[in-house]
Amino acid sequence: MAYILGKAAVEDFNAWKSAFDRFDSFRTDNGQEGYQVFQGVDDPNEAVVLFEWADDEDPRAFFASEEMRERLEEAGVKGRPELTELEFIDRRSTQHPSA
């Protein structure tokens, strides 16, 4: 599985998130297997998404496609998103006892 961290400034986070949700099947049809969405604390119009992508698909080509650029523009993304390909190394979860 490939991981892509996408970070973008958006005009309005809630409007962007609504468009992001509408385009889910488009991403899934092109290799997305899952994602986590984050919102900037200091800048609420900063959207960060950690995508999980199928190994047999090229996420960089997908994000560079004309169709994806059009959808990003429609969603209110300002400029080009910053994309970083990541390799999964380790995970740890700590559960805290409830008070």
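Read in order, the letters of the sequence shown are residues 1 to 99 in UniProt numbering. Just so you know, even glycine gets a beta-carbon here, dropped at the ideal spot from N, CA and C. Keep in mind that this is a model prediction, so the values were computed, not measured.
Residue i versus residue j: straight-line alpha-carbon distance, rounded
i: Asp56; j: Asn30; result: 10 Å
i: Pro59; j: His96; result: 36 Å
i: Glu66; j: Leu72; result: 10 Å
i: Leu86; j: Ala2; result: 7 Å
i: Gln39; j: Phe13; result: 8 Å
Residue of the options minimising C-alpha distance to residue i
i: Val41; options: Leu83, Ala9 and Lys78; result: Ala9
i: residue 122; options: Glu33, Ile4, Phe26 and Asn45; result: A query on residue 122 cannot be resolved here, the shown segment of the chain reaching from 1 to 99 and no further.
i: Glu33; options: Val49, Arg91 and Ala75; result: Val49
i: Pro81; options: Arg22, Ala54, Glu70 and Ser25; result: Glu70
Nearest-angstrom Cβ-Cβ length linking residue i and residue j, presumed shorter than 8 Å
i: Phe51; j: Gly79; result: At roughly 19 Å, the Cβ-Cβ gap does not stay under 8 Å, so Phe51 and Gly79 are not in contact.
Reduced DSSP category for residue i - H, G, I as helix; E, B as strand; rest coil
i: Thr28; result: helix
i: Ala54; result: coil
i: Ala75; result: coil
i: Pro59; result: helix
i: Arg91; result: coil
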